[in-house]
Structures are given as structure tokens and as C-alpha cells.
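Structure first, then comments.
Protein chains: 2
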Amino acid sequence: MICLGIGVDDMSNPLLEIGSLLKAARKDLQLTQEQVADMAGISRPRYREIEVGSAAARVTTLINIARALGLELILIPKAIAPAVNALLKPHDDDDDLPAFAVSPESDDHD
Amino acid sequence: MICLGIGVDDMSNPLLEIGSLLKAARKDLQLTQEQVADMAGISRPRYREIEVGSAAARVTTLINIARALGLELILIPKAIAPAVNALLKPHDDDDDLPAFAVSPESDDHD
DNA sequence: ACTAAGAGATATGTAAACAGATCAATTTGA
DNA sequence: TCAAATTGATCTGTTTACATATCTCTTAGT
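If you're matching them up, the sequences are chains A and B in order. Count along the first sequence from 1, add 579, and you get the number used in the numbering used here. Count along the second sequence from 1, add 579, and you get the number used in the numbering used here.
In C-alpha cells form, the structure reads like this:
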């Protein structure tokens, strides 16, 4: 299979970014999509779409998924973001996930 | 009007928590609901519902609102959350907002 | 007091997030 | 190799996040 150019995960789309983080966290915990979906109270097809980044979940849904994966959803001032990222990187032991911030992005409408 | 018990903002509901944070950030920037709604690409009635916590926005919508308010949406490991909160508190100069994490919560269905 | 701007609130209509079922494709393990 | 588990993918239907419009009710400003 030839796959030129573009990296496997794009990272200009926040949904893809969120999805790949969720997948990494799930794999890390050795859980199946169905298990996480069940813990989060949503269907597996729905969770799959969220994980692959083909659909935007509601905040409440993302919160529930995050909780199932041992993650927290946080809102911070933009100015603080770099410091938070710095806080996350050094902690490179074994069982943690890279936190990430969603970047400037246009959505649907506009 | 008699209002016994319960504090003005509840903080057991993540939507209320998000809403009051958005409102604080908006007031801090001296913006109207309409201005923020416009910047985020949603209607004012919709933004109002999100701000008062009576409805759950999509993640993409929350990201757009956050951007309009100089905030970032972050997903972090639960274990790191306290450290991040510590990072936010000391920074009590003049123009920053309290970051916050959404807590364990059950949503719709279940 | 009056006025206007901002916020609260509701109604109707549409798009998309959800559920649930059911398929194929892929991965994993015996 | 075969079978089971996991994931990919699509369909039908329901709920709800959205738009737009309109109305009242506060909250300034004069």
C-alpha cells in the first residue's frame, strides 16, 4: 500500500485530534470500543465515529467518554496552554497520555 | 422571592460549570452574548442556552466559543488535573479566568 | 421618567447527534 | 487454517443542537 505525503493523522482537525487521543487512551487501558461506549453510555457505532473523528460529540458525551478513559476535559486561558503542555511532556513515564489543545479552527457554518 | 438552600451556581452539573466560566470570560472581555455568538458562528439564543447551561453544545461549537473567548479546550489525564489547577490559581494577576475540570457526571440516558 | 441596549425566553423548522440493528472486513488466537 | 473477537460501515428512526424570528424583562444612559 502506497501512502505518500500527508502523515497518518492530520492534526489540523480537532475532531481527528480528539479521536486519536481517545484511541490512544483506550488502547493504553486495553479496552474495546464497545467497553468504552458502554461506560460512556453511548452506542458502539457512535463511539467509533467519535474516535475516528467523523462526527462531533456533544460536550456531555465527550465528558462521559473522557471519564471512562481516566481523562478530564478542561478549559484554560490560551496564555496558560504552553505551561500546561510543558507540564504534560516531562511526565513521560509509562501510563500517561499526551494532553493536547485544540487549535484555531473553523467549524461547520461561518 | 425566597430561595432557600442551594447556592446560586450549583457546580455539580458540568454544563452549569462550563456556562458560568464562559460568562465570566465574556464579562471579563466586556463582550455581549451576541458578539460572542457571532464570533463562534452560532445564534444568540443558542449561545445563551449554552451559557446558562440549559443545553449541551457540540464539542466543535464549544471549541469555537472558547476560541472567541481566548480559552482552550484540553484533555488531560485525571492524575495531572490537580497540577494543572495549581498552575492556574497562582496566576491571579488581572485578566485571567479560572480554569476548571468537569467532574464525574452522569448525562442523559443511562 | 424615558429610551435603547442587552439579556431572558419561546416557537417553528432543519441538520446532525444519538440508538439499535445488521452487514462485511479485519485482527487475534488456538 | 479456522473461528472468535474486534472493528469498519451503513440503514432507519428518534432526540436534540442548531437557525431565525419574535416577544418580554432588565439594565444602563440621558
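Glycine is no exception: its CB is placed at the ideal position from the N, C-alpha and C atoms. Because the structure is a prediction, the values reported are computed rather than measured.
Can you tell me whether residue i is buried or exposed, with buried defined as 16 or more other CB within 10 angstroms of its CB?
i, result
"A:THR611", "exposed"
"A:ASP687", "Below a pLDDT of 50, predicted positions are generally treated as unreliable, and A:ASP687, at 44, falls in that range; the measurement from the model is reported next regardless. Label assigned to A:ASP687: exposed."
"A:ALA635", "buried"
What is the C-beta distance between residue i and residue j, in whole angstroms, given that I count them as a contact (C-beta under 8 Å)?
i, j, result
"A:PRO656", "B:LEU650", "6 Å"
"B:LEU652", "A:LEU654", "6 Å"
"B:GLY632", "B:LEU600", "Wrong, their Cβ atoms sit about 10 Å apart, outside the cutoff."
"B:VAL663", "A:VAL663", "6 Å"
"B:ARG605", "B:VAL615", "5 Å"
Which one of the options has the shortest CA to CA distance from residue i?
i, options, result
"A:ASP579", "A:ASN592, A:ALA647, A:ARG637 and A:LEU667", "An answer regarding residue 579 of chain A cannot be provided, because it is not within the stretch 580 to 689 covered by chain A."
"B:GLU596", "B:GLU613, B:ILE659, B:GLU628 and B:PRO669", "B:GLU628"
"B:LYS602", "B:ASN592, B:GLU630 and B:GLU613", "B:GLU630"
"B:PRO690", "A:PRO669, A:ILE659 and A:LYS668", "What the structure shows of chain B is the stretch from 580 to 689, and residue 690 of chain B is not part of that stretch, so it cannot be assessed."
For the segment 635–648 of chain B and the segment 610–625 of chain B, state whether three or more C-beta atom pairs, one from each stretch, are separated by less than 8 Å.
yes
Those runs of the alpha helix (DSSP H) which lie wholly inside the segment 608–646 of chain A and span at least 4 residues
612–619 and 623–631
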